[in-house]
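For the sequence shown, the numbering used here gives the first residue as 952, with consecutive numbering after it.
Heads up: the structure comes next, in structure tokens.
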Amino acid sequence: MARALLVVTVAVVALLVLPSPGMIGGANAAAAPIVRSPPMGTSANGGAWDPPTRSGAPPSAPPAPWTVDATLSLINGTVRSGNRAYPSWFGAGALAYDTVDEKLFVETGSQIQAIDPSTMQSTGSLGASAGFTPGPMAYASTGDLLYVTTPGAVDAFSAANGTLRARYVVANATDTGTLVFVPSADVLVVAPEFQSRATVLNLSDGIVTDTVSVGSYGITQGIADPAAGVVFLGNATGGTIEEFSDSHWNLVRTISIGGLLSGPEGLAVDTGGDQLYATEGSNPSVLLEIAVANGSTIGRRTLGSDSGPIQFDPVTGALFVGDGGNESIYTVDPVGLGVTATIPFPLYSTTGLVTPMALAEAPALGTLFAALSAGGNRLDAISVTNRTVYRALDLYPVPEYLADDSSCGCYAVGDSYSDALYFVNRTTFRLERTVELPAEPQGLAYASRTGDLWIAVGYAPYSTEEVLVVYGSNGTLRASLPDPEFPVAVAYDAGTDQVFVANNNGHAVSVFNASSGGRSST
952 MARALLVVTV AVVALLVLPS PGMIGGANAA AAPIVRSPPM GTSANGGAWD
1002 PPTRSGAPPS APPAPWTVDA TLSLINGTVR SGNRAYPSWF GAGALAYDTV
1052 DEKLFVETGS QIQAIDPSTM QSTGSLGASA GFTPGPMAYA STGDLLYVTT
1102 PGAVDAFSAA NGTLRARYVV ANATDTGTLV FVPSADVLVV APEFQSRATV
1152 LNLSDGIVTD TVSVGSYGIT QGIADPAAGV VFLGNATGGT IEEFSDSHWN
1202 LVRTISIGGL LSGPEGLAVD TGGDQLYATE GSNPSVLLEI AVANGSTIGR
1252 RTLGSDSGPI QFDPVTGALF VGDGGNESIY TVDPVGLGVT ATIPFPLYST
1302 TGLVTPMALA EAPALGTLFA ALSAGGNRLD AISVTNRTVY RALDLYPVPE
1352 YLADDSSCGC YAVGDSYSDA LYFVNRTTFR LERTVELPAE PQGLAYASRT
1402 GDLWIAVGYA PYSTEEVLVV YGSNGTLRAS LPDPEFPVAV AYDAGTDQVF
1452 VANNNGHAVS VFNASSGGRS ST
């Protein structure tokens, strides 16, 4: 099944080196002043603001270094420079792990967040504020660089401080598909999803050296196997895996994944580079083990109902497979492909499936990171040893309601997306406690005489419509008062010790006695 190799040599590819050598990568590197454009309306200088283009020429202005915000972060638990309450309105996508600086990068559709993996603190971001739409990304320990695909270009950022080191103009680059760093050849393979060709970019001189045919369009997965000297590109449309030599870039073979319903959703290779693992994401899903030496399938296991990303753990030798249908991660023994453990994701939100989009491992921390989208929109940290989710960073909180709670000396904040109540210290602004609610908070008020918080909850399609009374000191439930007319706002009158709850459906206001909890009138 050999295919013709298309080799196109490009004479010149523009390489833009921005900072001076003395400003790159070191501790003394200075960040340029940041002018943040609002997401809508007018810009800082009063002119009309246009959203960044998603196609055509690369951005004319270089993206900013890791930008910093002094924002109260309800999820990270503190307020400090570089801490964001939420990075974007999109679910988490690609992950890349920086083994030099011990840093995790999360692509969220409009930004890239730099995360301290030991604390789950966001230390900075780049992207939308500079008109920058990030696509697939890859980390290279050589040079400590993060490569990011944008429409028409590949940008190289210092992983340490986010400064733009170089811009490579690659005509067919887009913000979808895959980007593969090949350390054995010091090249990047840029494979756009909706094109039938992939580009090989030589990083030593910034020249596109090859363009290779990948059959039908639909490349969404890619992985290098340096030990075998090959690169695998997964074609979702063709239901195949294309294998290329990383020295001559000829097509070694096309591996069919058995005529399954969809193409590979995840790719991984073992430490020795002898075995390739692939998932197919239909219902039921299939996990395949493929011999790199000849491309033959030597193992096959039905696994889950929407299996996707795979991560091979070099420490334990296990495979981790994310499955959206069962909202979990499977631990698989490569010998026989048996499932040895199932790691469920904690249910932080009741809106949609929790779907793992990408996996990355920090071996030094013994931690596997999972980027979750759909109903999750979180970054979960999983103990490789204990097989449990031990920490989560919510990427899409929507804090909308606030009350000054004197019982705990804190602010009570209602979050309408994650259905939660946050207790934030007044002085330090640290998140001290999170209380899950049965539905979306619609309003809250603090009753100073009793020291309680009154919270209206309920929202379609939830059947829960009630007023909760919780202890203001610790958030534990004191009473649940049904209010079927859909409560949408709460107010407290300290003079009369009464709580007023506005109802949307009944077009009325319910009046409660704060001390007894009884409804006095409507």
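We treat Cβ as the ideally placed atom computed from N, Cα and C, and that holds for glycine.
{"query": "Which residues in the same chain as A1179 place their Cβ atom closer than 6 Å to its Cβ, once the five residues preceding and following it in sequence are excluded?", "result": "G1224 and V1243"}
{"query": "Taking the beta strand (DSSP E) that R1476 belongs to, which residues open and close that run?", "result": "This structure cannot settle anything about residue 1476, because the visible part of the chain is limited to 952 through 1473."}
{"query": "Is M1071 near R1342, with beta carbons less than 8 Å apart?", "result": "yes"}
{"query": "For R1251 and L1288, I'd like the C-alpha separation in whole angstroms.", "result": "7 Å"}
{"query": "In whole angstroms, what is the alpha-carbon distance linking V1283 and Q1262?", "result": "10 Å"}
{"query": "Smallest Cα separation from A1149: which of F1195, I1249 and A1269?", "result": "F1195"}
{"query": "Here's the rule: buried if 16 or more other CB atoms are within 10 angstroms of the residue's CB, otherwise exposed. What is E1387?", "result": "exposed"}
{"query": "Give the straight-line distance between the Cα atoms of R1118 and I1406, rounded to the nearest whole angstrom.", "result": "51 Å"}
{"query": "Excluding the 5 residues preceding and the 5 following Y1443 in the sequence, name in chain order all residues of the same chain whose CB lies nearer than 6 Å to its CB.", "result": "A1396, A1398 and V1450"}
{"query": "Between which two residues does the beta strand (DSSP E) holding Y1373 run?", "result": "A1371 to N1376"}
{"query": "What is the rounded straight-line gap between the Cα of G1314 and the Cα of P1265?", "result": "The identity of residue 1314 in the sequence shown is Pro, whereas the question assumes Gly. Those two C-alpha atoms are separated by around 8 Å."}
{"query": "In the DSSP assignment, find the unbroken beta strand (DSSP E) run with C1361 in it and report its ends.", "result": "C1361 to D1366"}
{"query": "Express the C-alpha separation of S1073 and A1363 in angstroms, rounding to a whole number.", "result": "23 Å"}
{"query": "What is the C-beta distance between A1110 and D1052, in whole angstroms, given that I count them as a contact (C-beta under 8 Å)?", "result": "6 Å"}
{"query": "Give the C-beta separation of V1121 and V1159 to the nearest angstrom, bearing in mind that I take them to be a contact with Cβ-Cβ under 8 Å.", "result": "6 Å"}
{"query": "Roughly how many angstroms separate the alpha carbons of L1077 and V1237, rounded to a whole number?", "result": "37 Å"}
{"query": "For D1067 and A1047, I'd like the C-alpha separation in whole angstroms.", "result": "12 Å"}
{"query": "On the DSSP bridge assignment, give the partners of L1227 in chain order.", "result": "V1220 and I1241"}
{"query": "Short check: CB of P1438 to CB of A1453, under 8 Å?", "result": "yes"}
{"query": "At what residues does the beta strand (DSSP E) containing T927 begin and finish?", "result": "Residue 927 lies beyond the range of the chain shown here (952 to 1473); nothing can be said about it."}
{"query": "To the nearest whole angstrom, what separates the beta carbons of N1277 and G1246, a pair I think is in contact under 8 Å?", "result": "Not a contact, Cβ separation roughly 30 Å."}
{"query": "For I1249, I'd like the list of residues in its chain whose CB is within less than 6 Å of its CB, leaving aside the five on either flank, ordered along the chain.", "result": "E1240 and A1242"}
{"query": "Taking F1374 and L1319 to be in contact with their CB atoms under 8 Å, please state how far apart those CB atoms are, rounded to whole angstroms.", "result": "Actually they do not touch by this definition, with Cβ atoms about 30 Å apart."}
{"query": "Answer with buried or exposed for F1296, where buried requires no fewer than 16 other C-beta atoms within 10 angstroms of its C-beta.", "result": "buried"}
{"query": "Tell me which residues share the same chain as Y1422 and place their Cβ nearer than 6 Å to its Cβ, disregarding the 5 neighbours each side in the sequence.", "result": "R1429"}
{"query": "Helix, strand or coil for P1314? Go by DSSP, reduced to three states.", "result": "helix"}
{"query": "Determine the direct distance from the alpha carbon of P1350 to that of S1431, and round the result to whole angstroms.", "result": "22 Å"}
{"query": "Does the separation of the CB atoms of T1127 and F1145 fall below 8 Å?", "result": "yes"}
{"query": "Tell me which same chain residues have a C-beta within less than 6 Å of the C-beta of S1207, skipping the five on either side of it?", "result": "T1191"}
{"query": "Can you tell which of W1200, S1367 and D1403 has the C-alpha that lies nearest to the C-alpha of A1445?", "result": "D1403"}
{"query": "Assign W1200 to one of three DSSP states: helix, strand, or coil.", "result": "coil"}
{"query": "Inspect the beta-carbon positions of T1188 and G1169 and report whether they are closer than 8 Å.", "result": "yes"}
{"query": "Considering only their Cβ atoms, is the gap separating V1151 from V1140 smaller than 8 Å?", "result": "yes"}
{"query": "Once you ignore the five residues that flank S1092 on each side, which residues in its own chain have a CB closer than 7 Å to its CB?", "result": "T1050 and V1051"}
{"query": "So, is P1260 buried or exposed, given that buried needs 16 or more other C-beta atoms within 10 angstroms?", "result": "buried"}
{"query": "Spatial neighbours of Y1090 within its chain, please: CB distance less than 8 Å, with the 5 preceding and 5 following residues excluded, ordered by chain position.", "result": "A1047, Y1048, D1049, T1050, F1056, L1096, L1097, Y1098, A1110 and F1132"}
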